[in-house]
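Residue numbers (full-length UniProt numbering): 1 to 852.
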């Protein structure tokens, strides 16, 4: 029999009985309908029927794919972190990829080829973790398409959707890898499995540390006897669950309609209130009782058209208007068009609200009669029972092996049968088990924060992929140096813009490479007070969200606090805003003991806030670090004197606002600005919805240094001869004189720029360096308050300008030395920073203590 050409394995892989045996095989050839395989180690040849053999080509066959993969390898070399030994783990992972099967999603990504839809997939009807309509669509897309995108705006249940995909995949005996750019997202999924008693199907792997922790904490399969269903129970659930699912899906449509109606009614009521406040009606006009909002709207439009074109009211119009539009009073036609339109508008609001309220009541009655909450609970519990019964069938009688780290690599197939759900970072997935493992599903969570180089590694392990994220939230951060380096690499390759590392996350790249990829927007929102998330909905999500959350407290959902005008921000830190939080917002809004978070755009402000609230339950961090978290109350400290592009970034603002469940308090500087920003839109939204704007009363004598206070500063200092070349010291001098003019402090006087050496006289308590500093002719106290009766000094005062006295400056070292010297001689000292506040109160307090 003629045998075919002998093939060496270079650009393809060979699977025998669905197991990848490429690394074991030297060559193969065909004899008739048999495939003869020659193994490397033994040199022996074995003959297999062709149905047991599957050949897969490499994904990197086209010039485009080869270019893009080479580019990504070069990126990995540039951006990958190095170990202490100098190993670039990311680059090593790319270097170890010898073969990319054409069945992996990476094949499609490198070749820009849309994966073919699975037309035989059945709609999913088992949702053990509960569902809504868009979550159902997202899960359906995941199982009917090799690649799909689930867009998850804040509070829309993306974790719940991921859990339902996992459950259905495991029930189909498929493997799932859940990955993200950090461990917190995957741990969140694991904790949900744990709380439902099914943690044993999942392994948290990835990094060496995670692997070690997993190996050390292995347990036996728990007793699953409670998971078992009797055959009758199982059959009953199999029959009843789909029926209940269909009923719920129908009622979810009504529930969504009810949510949209509730929001629309609220919007129209607010609009009506503004109309009533702004417009005075000429007279009352009667309409027919059954007049509809559509008739009134049509009349409104008609009258505006008449006014615009200058039409007159002839007798036939007066004759037909009562029939067409329900107008009953003839006096209506004697009014001006402007007055007519206002009357119709006013009537429209009332009728429209009544119609919507009627439909709302109908929906509420239908849902209440259906007992929606109880039915959803029944369905979810039934689905979970079927899922757990499946797990019982899978694991019953099995004794799970105890795996070593060596086993993870060399017994991967056995391991995945035991643990069908693998959790890892995108960075480490390929190193979690054997290099050639390909998962039935890879779910990439928070994919807008996953960079291309690590995201592609995850796609190389995926037969099917679900990309979960939100382009309206914060993307992965690429610093300027990395952007410059990677852009230079990009220029060396002739590849599409959608693969550029510096300005693409995995999510944005996938959407650009595959513009027709099935996308599901999770619409139903459950987290924030409706008024809070409605701003995000209007501003960022094009009114696509369905707000199902309810206001849970009597708190105003949105507030604005404005500091006094001034130049309060220094190097991305704003002490005045911190003072307002401590002295006004927390006590006025009764936030003590509340679940409170403070977010800010900048790291410097975060450090200052964390220092202020150290030892309390208040959580303070940057907006970027808060992504994925939530608090009942959020204070957004914007820091800037004039809102910057960084603070005003729409993604950053969207994340900041949507962290707040019950109340968002926006803290901004009170400086006037004509800039049209996202922050100013938020302030306008708050004002329009009749929420409060509070002007802070926390002030400082140094506010007068601000450019907007030239006249006030001049007036304040006009009555006295300037004592210093610094206005900050002149302002402080004026304040001291004002305080000392009070009868209780009249025995005190003040000296400006008193030399330190004249104060001490005896230097015996000082070391050499301190004595040298104290004796220097330029070393002085800004102010010295003394007792006029005994001429003895009682209080030293220093005015610290931010730039000159900042922590790392040479002056800060001198300040510290001066503090030490005064302490040794028992002379009280008060320092006033030009970025602080409440100087008068602090000075009075310090002087009062002297009298005790």
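Glycine included, every Cβ here is placed at the ideal spot set by N, Cα and C. Keep in mind the model is a prediction, meaning the values are calculated, not measured.
### Query
Taking only runs of the alpha helix (DSSP H) that begin and end inside the stretch 420–463, which ones reach a length of at least 4 residues, in chain order?
As for any alpha helix (DSSP H) of minimum length 4 sitting wholly inside the stretch 420–463, the runs are 429–432 and 452–459, ordered along the chain.
### Query
Do the stretch 671–691 and the stretch 270–285 touch if we need at least three Cβ pairs shorter than 8 angstroms?
Of all C-beta pairs linking the stretch 671–691 to the stretch 270–285, three or more are shorter than 8 angstroms, placing the two stretches in contact.
### Query
Measuring CB to CB, does residue 128 end up less than 8 angstroms from residue 167?
Here residue 128 refers to the residue found at position 128 when the chain shown is read from its first residue. Here residue 167 refers to the residue found at position 167 when the chain shown is read from its first residue. Annotated as proximal: residue 128 and residue 167, with beta-carbon spacing under 8 angstroms.
### Message
By DSSP's criteria, residue 101 is part of a beta bridge. Which residues make up the other side?
### Response
Taking the chain shown and counting its residues from 1, one reaches residue 101 at position 101. DSSP lists 58 as the bridge partner or partners of residue 101.
#### Entry: residue 788 classed as buried or exposed, judged by whether at least 16 other C-beta atoms fall within 10 angstroms
Taking the chain shown and counting its residues from 1, the one referred to as residue 788 is at position 788. So residue 788 counts as exposed.
### Residue range of the beta strand (DSSP E) that includes residue 599
For the purposes of this step, residue 599 is taken as residue 599 along the chain shown, with counting starting at 1. First-last of the beta strand (DSSP E) with residue 599: 596–600.
### Identity of the residues DSSP links to residue 525 by a beta bridge
Translated into positions along the chain shown, residue 525 becomes position 525. Residue pairing of residue 525 in beta bridges, as defined by DSSP: 547.
### Message
Please list the terminal residues of the continuous beta strand (DSSP E) segment that includes residue 862.
### Response
A query on residue 862 cannot be resolved here, the shown segment of the chain reaching from 1 to 852 and no further.
### Query
Applying the criterion that 16 or more other CB atoms from any shown protein chain within 10 Å of the CB defines a buried residue, is residue 173 buried or exposed?
In the chain shown, the residue the question calls residue 173 occupies position 173. So residue 173 counts as exposed.
### Task
For residue 49, write down the residues that DSSP places opposite it in a beta bridge.
The sequence position of residue 49 within the chain shown is 49, counting from 1. Answer is 34.
### Task
Mind the definition here: the stretch 507–525 touches the stretch 127–144 only if three or more C-beta pairs lie below 8 angstroms; say whether that holds.
They touch, by the three-pair rule.
### Query
Can you give, in chain order, each stretch of the alpha helix (DSSP H) that sits fully within the stretch 69–96 and has at least 4 residues?
Here the runs fully enclosed are 89–95.
#### Entry: Close Cβ partners of residue 819 (< 6 angstroms) along its chain, the five nearest in sequence each way excluded
Along the chain shown, read from residue 1 onward, the residue named residue 819 stands at position 819. Taking residue 819 as the centre and dropping the five residues before and after it, the same chain places no C-beta closer than 6 angstroms to its C-beta.
### Task
Note down the Cα distance separating residue 612 from residue 577, rounded to an integer number of angstroms.
Counted from its first residue, the chain shown places residue 612 at position 612. Counted from its first residue, the chain shown places residue 577 at position 577. Approximately 12 angstroms, taken between the alpha carbons.
### Query
Which residue from 732, 619 and 291 puts its Cα closest to that of residue 842?
Numbered from 1 along the chain shown, position 842 holds the residue referred to as residue 842. Selected option, being the one with the closest Cα: 732.
### Cβ-Cβ distance between residue 96 and residue 121 below 8 angstroms
Residue mapping note: residue 96 aligns to position 96 of the chain shown, counting from 1. Residue mapping note: residue 121 aligns to position 121 of the chain shown, counting from 1. Residue 96 places its beta carbon 8 angstroms or farther from that of residue 121.
### Task
Output the boundary residues of the alpha helix (DSSP H) element that contains residue 699.
If you number the chain shown from 1, residue 699 lands on position 699. Per DSSP, residue 699 is not a residue of any alpha helix (DSSP H), being assigned neither H nor E.
### Message
Measuring only the C-alpha atoms, how far is residue 136 from residue 156?
### Response
Mapped onto the chain shown, residue 136 falls at position 136. Mapped onto the chain shown, residue 156 falls at position 156. Looking at the backbone, the Cα of residue 136 and that of residue 156 are separated by about 12 angstroms.
### Query
Of the choices 423, 294, 139 and 87, whose alpha-carbon is the least far from that of residue 348?
Residue mapping note: residue 348 aligns to position 348 of the chain shown, counting from 1. Selected option, being the one with the closest Cα: 294.
### Task
Can you tell me which of 53, 62, 25 and 33 puts its alpha carbon nearest to the alpha carbon of residue 45?
Translated into the one-based positions of the chain shown, residue 45 becomes position 45. Checking every option, the nearest Cα to that of residue 45 belongs to 25.
### Task
State the beta-bridge partners of residue 561 as determined by DSSP.
For the purposes of this step, residue 561 is taken as the residue at position 561 of the chain shown. 667 and 694.
### Query
Going by DSSP, which residues form a beta bridge with residue 148?
Sequence index remark: in the chain shown, residue 148 carries index 148 (1-based). As computed with DSSP, residue 148 is found in a beta bridge with 466.
### Task
Confirm, please, whether the CB-CB distance from residue 456 to residue 72 is below 8 angstroms.
Taking the first residue of the chain shown as position 1, residue 72 is located at position 72. Taking the first residue of the chain shown as position 1, residue 456 is located at position 456. Contact check for residue 72 against residue 456 passes: the beta carbons are separated by less than 8 angstroms.
### Query
So does the stretch 481–489 actually touch the stretch 463–472, counting three or more Cβ pairs closer than 8 angstroms?
Counting Cβ pairs under 8 angstroms, fewer than three are found: no touch.
### Task
Give me the Cα-Cα distance between residue 618 and residue 244, rounded to the nearest whole angstrom.
On the chain shown, position 618 is the one that residue 618 refers to. On the chain shown, position 244 is the one that residue 244 refers to. Counting only the Cα atoms, residue 244 lies some 44 angstroms from residue 618.
### Task
Please work out which residues of its chain come closer than 6 angstroms, Cβ to Cβ, to residue 82, disregarding the five sequence neighbours upstream and downstream, and give them in chain order.
Start at 1 with the first residue of the chain shown, and residue 82 comes out as number 82. Excluding sequence neighbours, residue 82 sits near 88.
### Message
Is it buried or exposed, residue 2, if we count other Cβ atoms within 10 angstroms and call 16 or more buried?
### Response
As a working note, residue 2 is residue 2 in the chain shown. At residue 2 the pLDDT is 48, less than 50, meaning the model places this residue with poor confidence; the figure from the coordinates comes in the next sentence. Exposed, because fewer than 16 other Cβ atoms sit within 10 Å of the Cβ of residue 2.
### Query
Going by beta carbon distance, what residues of the same chain come within less than 6 angstroms of residue 149, once the five residues before and after it are set aside?
Counted from its first residue, the chain shown places residue 149 at position 149. Contacts found: 467, 517 and 519.
### Within the stretch 248–319, ranges of the alpha helix (DSSP H) (whole runs, at least 4 residues)
Listed in chain order, they are 293–309.
### Query
Do residue 632 and residue 557 have their C-beta atoms closer together than 8 angstroms?
Walking along the chain shown from the start, residue 632 turns up at place 632. Walking along the chain shown from the start, residue 557 turns up at place 557. Result no, Cβ atoms of residue 632 and residue 557 do not sit closer than 8 angstroms.
#### Entry: Beta-bridge pairing of residue 749 - partner residues as DSSP gives them
By one-based count along the chain shown, residue 749 stands at place 749. According to DSSP, which records beta bridges pairwise, residue 749 is partnered with 786.
### Task
Buried or exposed for residue 214, please, with buried defined as at least 16 other CB atoms from any protein chain shown within 10 angstroms of its CB.
Taking the chain shown and counting its residues from 1, one reaches residue 214 at position 214. Classified as buried, residue 214 has 16 or more neighbouring CB atoms from the shown chains inside 10 Å of its CB.
### Query
Out of curiosity, what's the CA-to-CA distance linking residue 610 and residue 626?
Start at 1 with the first residue of the chain shown, and residue 610 comes out as number 610. Start at 1 with the first residue of the chain shown, and residue 626 comes out as number 626. Roughly 14 angstroms separates the two Cα atoms.
### Query
residue 864 bridges to which residues according to DSSP?
Nothing can be reported for residue 864: it is not among the residues displayed for the chain, which extend from 1 to 852.
### Task
Sort out for me which residues DSSP pairs residue 134 with in a bridge.
Working through the chain shown from its first residue, we reach residue 134 at position 134. In DSSP, residue 134 forms no bridge with anything.
### Query
Taking DSSP as the reference, what is the three-state secondary structure of residue 127?
Counting from one through the chain shown, the residue named residue 127 turns up at place 127. The DSSP-derived three-state label of residue 127 is coil.
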